[in-house]
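For the sequence shown, counting from 1, position 224 maps to 232 in this note's numbering; every step adds exactly one. Backbone N, C-alpha and C fix where the C-beta goes; we use that ideal spot for every residue, glycine too. Everything below concerns the one structure shown next.
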Amino acid sequence: MNQNETKELVGRTAVDALVKSGMKLGLGTGSTALPAIRRVGELLAEGRLTNIFAVPTSFQTVIECENRGIPLFTLNSKEIGGKLDLTIDGADEVDPQNRCVKGGGGALLLEKIAAYASSSYALVVDESKLAENLGLSFAVPIEVVSEARIPVTMALEKLGAEVKLREALRKAGPVVTDHGNIILDIRFTSPVDPVAFEKELNLIPGVVENGFFTGASKYPFKPRVFIGHSGGTVETR
Ligand code: 5RP
9 MNQNETKELV GRTAVDALVK SGMKLGLGTG STALPAIRRV GELLAEGRLT NIFAVPTSFQ
69 TVIECENRGI PLFTLNSKEI GGKLDLTIDG ADEVDPQNRC VKGGGGALLL EKIAAYASSS
129 YALVVDESKL AENLGLSFAV PIEVVSEARI PVTMALEKLG AEVKLREALR KAGPVVTDHG
189 NIILDIRFTS PVDPVAFEKE LNLIPGVVEN GFFTGASKYP FKPRVFIGHS GGTVETR
């Protein structure tokens with residue numbers, strides 16, 4: 009299987025295994041979450057799923073849900089009441105303890121809010137996302153208020169990170185997130201403690217959220233990870 013087919017397989021497999029009628033369902037962003045969203049749409053259209061209350065994590069997800077007829081809510085909707093039964097999302101890197109880096113698509117803010125508001129959480133990835141240490145190979149995205157670009161860059165460099173402003177494609181200047189902020193992508197040259205960094209990075213004034221997802225602080229984070237292999241199998245751990 010090529011990578012797209014593997015993503016398709018793993019996204020659909022997670023939905024078939026976990027999504028039940030009546031769920032309040034967080035829906036992630038990116039090329040592996042999209043097949044999962046399409047599968048939810050298919051099952052709703054066939055009547056095999058009913059009463060799904062979906063909360064999207066990005067503009068991309070909103071559009072996909074609209075196109076698939078998936079009913080949309082926000083975490084603040086009365087029907088949702090701030091708590092999701094399940095969220096399914098992709099990831100950029102997953103380590104052996106199932107901690108991850110997210111935000112390659114710039115949607116980390118709502119993705120993290122949904123992750124930490126979910127009773128259960130599933131990551132859908134192909135095998136290329138597995139990493140021994142987070143933040144060495146794939147850069148960790150930091151969503152930052154644009155006015156704080158330079159002070160935040162300096163603070164991140166002090167913590168040992170290489171910092172790069174994420175530039176837009178087909179638009180001059182930086183990527184602007186769904187929430188009007190910029191993204192600084194940071195990479196480390198030696199392993200860091202992702203739990204400590206998830207907390208530490210958010211203490212820098214001007215940082216809105218960071219892409220380490222470890223369950224730092226009091227939020228339980230025990231994702232079930234679905235890993236698609238190019239041989240056509242899906243492993244869960
Ligand atoms: C978006 C994300 C995505 O889930 C992550 O980038 C993985 O995307 P893909 O499945 O396309 O590789 O965090 O902000």
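Name the two residues that bound the continuous beta strand (DSSP E) containing residue i.
| i | result |
| --- | --- |
| LEU94 | 92-97 |
| TYR227 | From DSSP, TYR227 is part of no beta strand (DSSP E); its letter is neither H nor E. |
Could you check if residue i is buried or exposed, using at least 16 other CB atoms within 10 Å of its CB as the buried criterion?
| i | result |
| --- | --- |
| ILE78 | buried |
| SER126 | buried |
| ARG245 | exposed |
| GLU165 | exposed |
| ASN84 | exposed |
| SER29 | exposed |
Three-state secondary structure (DSSP) at residue i?
| i | result |
| --- | --- |
| GLY34 | strand |
| ASN218 | strand |
| ARG245 | coil |
By how many angstroms is the C-alpha of residue j removed from the C-alpha of residue i?
| i | j | result |
| --- | --- | --- |
| GLY240 | ALA41 | 18 Å |
| SER145 | ALA122 | 25 Å |
| LYS110 | VAL63 | 18 Å |
| THR213 | GLU206 | In the sequence on display, residue 213 carries Pro and not Thr. Spanning the two alpha carbons is a distance of roughly 14 Å. |
| LEU35 | ILE60 | 11 Å |
| PRO228 | ASN10 | 34 Å |
| ASP134 | ASP103 | 13 Å |
| ALA115 | ILE194 | 16 Å |
| VAL242 | GLU13 | 12 Å |
Where do the N-terminal and C-terminal ends of the alpha helix (DSSP H) with residue i fall, by residue?
| i | result |
| --- | --- |
| VAL203 | 202-209 |
| PRO64 | Element bounds for PRO64: not the alpha helix (DSSP H) but the beta strand (DSSP E), 61-64. |
| GLU54 | Counting along the chain, GLU54 falls outside any alpha helix (DSSP H), and DSSP gives it neither H nor E. |
Are at least three pairs of beta-carbons, each pair with one atom in the segment 144-158 and one in the segment 46-60, less than 8 Å apart? no
Okay, do the segment 225-238 and the segment 165-180 touch, 3+ Cβ pairs below 8 Å being the bar? no
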